[in-house]
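Start counting the sequence shown at 117; every next residue gets the next number (our numbering). All residues carry an ideal CB built from backbone N, CA and C; glycine is no exception. Structure, as structure tokens:
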Amino acid sequence: MAINVYFVRHGQTFFNKYHRMQGWSDTPLTTKGKQDAAHAGQILAPIAFDYVFASDLKRTMDTARILLAHHPTTISEPTPAPAFREEFFGYFEGLNSQETGVFVSGNDDLNSFEAMISAYGPDGTRDKIAAADTTQDAEDSTAFWQRVLPGIEKLRALPDGSNVLVVSHGMTIRSLGSRFGTKPEHTAQPANGSITKMQLTPTDTTIEFYSQLALPTA
Numbered sequence: 117m118a119i120n121v122y123f124v125r126h127g128q129t130f131f132n133k134y135h136r137m138q139g140w141s142d143t144p145l146t147t148k149g150k151q152d153a154a155h156a157g158q159i160l161a162p163i164a165f166d167y168v169f170a171s172d173l174k175r176t177m178d179t180a181r182i183l184l185a186h187h188p189t190t191i192s193e194p195t196p197a198p199a200f201r202e203e204f205f206g207y208f209e210g211l212n213s214q215e216t217g218v219f220v221s222g223n224d225d226l227n228s229f230e231a232m233i234s235a236y237g238p239d240g241t242r243d244k245i246a247a248a249d250t251t252q253d254a255e256d257s258t259a260f261w262q263r264v265l266p267g268i269e270k271l272r273a274l275p276d277g278s279n280v281l282v283v284s285h286g287m288t289i290r291s292l293g294s295r296f297g298t299k300p301e302h303t304a305q306p307a308n309g310s311i312t313k314m315q316l317t318p319t320d321t322t323i324e325f326y327s328q329l330a331l332p333t334a
């Protein structure tokens, strides 16, 4: 047996729409973002959830509430889980993501945030951002995993066979995909409202599927 964890990326926000670094800064869900959340609830209807968690940021809590309203579960309110917050970008919060990539990559001359991920991976990108932040507020990879991994261990300690919903964020989910996944696409940016399934046993952590807008049939 195992713990089945369904990570859902929050619905589209205005910073997502405008391609800005969001991190711990919150902007509201767009109309599309609310539709993303409702769609995720409908797609996940066959899964009977025993536990529902969401990052404690407003966009994830709002996504979770809309999702639950469109799901047959009797759970109406997510449990806040700060462990699954987005990465904190410090000084770069709210800035244009393409310009941030150009600035942070320096002499490597990369022209976007996604190019940084391709070149450095999520952890390397996190460390580059933290090193470039003169305020020293941005999370580096050590601080990020010191926050996230205890959250994974709390999920692992739930009763065997539990189905768990966690509403989280793009960089957090892709970082988990990069760390525990085995395929290149496990590091791609997950779509807003997409579903990623992680399976936890006492000894293993595996990614069963990643960034899906429908439950796989096989």
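Quiz item: In chain order, what residues of the same chain lie with their CB nearer than 6 Å to the CB of H186, ignoring the 5 residues before and after it?
Solution: A154, G157, Q158
Self-check item: Helix, strand or coil at M314 according to DSSP, with G and I counted as helix
Solution: strand
Exercise. State yes or no: is the C-beta of R242 within less than 8 Å of the C-beta of D253?
Key: With contacts defined by Cβ atoms closer than 8 Å, R242 and D253 do not form a contacting pair.
Quiz item: Which of the three DSSP states, helix, strand or coil, is assigned to T129?
Solution: strand
Self-check item: Own chain residues within Cβ distance below 7 Å of F205, not counting five before or after
Solution: M137, G139, I245, A254
Practice problem: Please go through the segment 123 to 189 and give each complete alpha helix (DSSP H) segment of 4 or more residues, from N-terminal end onward. | Solution: Correct list: 130 to 133, 147 to 159, 174 to 185.
Quiz item: What's the C-alpha gap between G222 and D276?
Solution: One Cα belongs to G222, the other to D276, and the distance between them is close to 47 Å.
Quiz item: Where do the N-terminal and C-terminal ends of the beta strand (DSSP E) with Q328 fall, by residue?
Solution: 321 to 328
Practice problem: Quick one: grab the DSSP three-state call for L281. | Solution: strand
Self-check item: Separation of D225 from F260, as counted between CA atoms
Solution: Their backbone Cα atoms lie some 26 Å apart in a straight line.
Quiz prompt | CB contact below 8 Å: A231 versus chain C | solution = Looking for chain C here will not work: only one protein chain is present.
Quiz item: Beta carbon of R175, beta carbon of L211: below 8 Å?
Solution: no
Self-check item: F208, enclosing alpha helix (DSSP H) - first and last residue
Solution: Segment: none, F208 is in no alpha helix (DSSP H) and carries neither H nor E.
Practice problem: Report all residues from its chain with a CB closer than 7 Å to the CB of A199; omit the five preceding and five following residues, and keep chain order. | Solution: If we look at A199 and ignore the five residues flanking it on each side, its Cβ neighbours are R263, V264, P266, G267.
Quiz item: Taking the alpha carbon of H302 as the point to measure from, which residue in T317, L316, G286 has its own alpha carbon closest?
Solution: Of T317, L316, G286, the residue nearest in Cα terms is G286.
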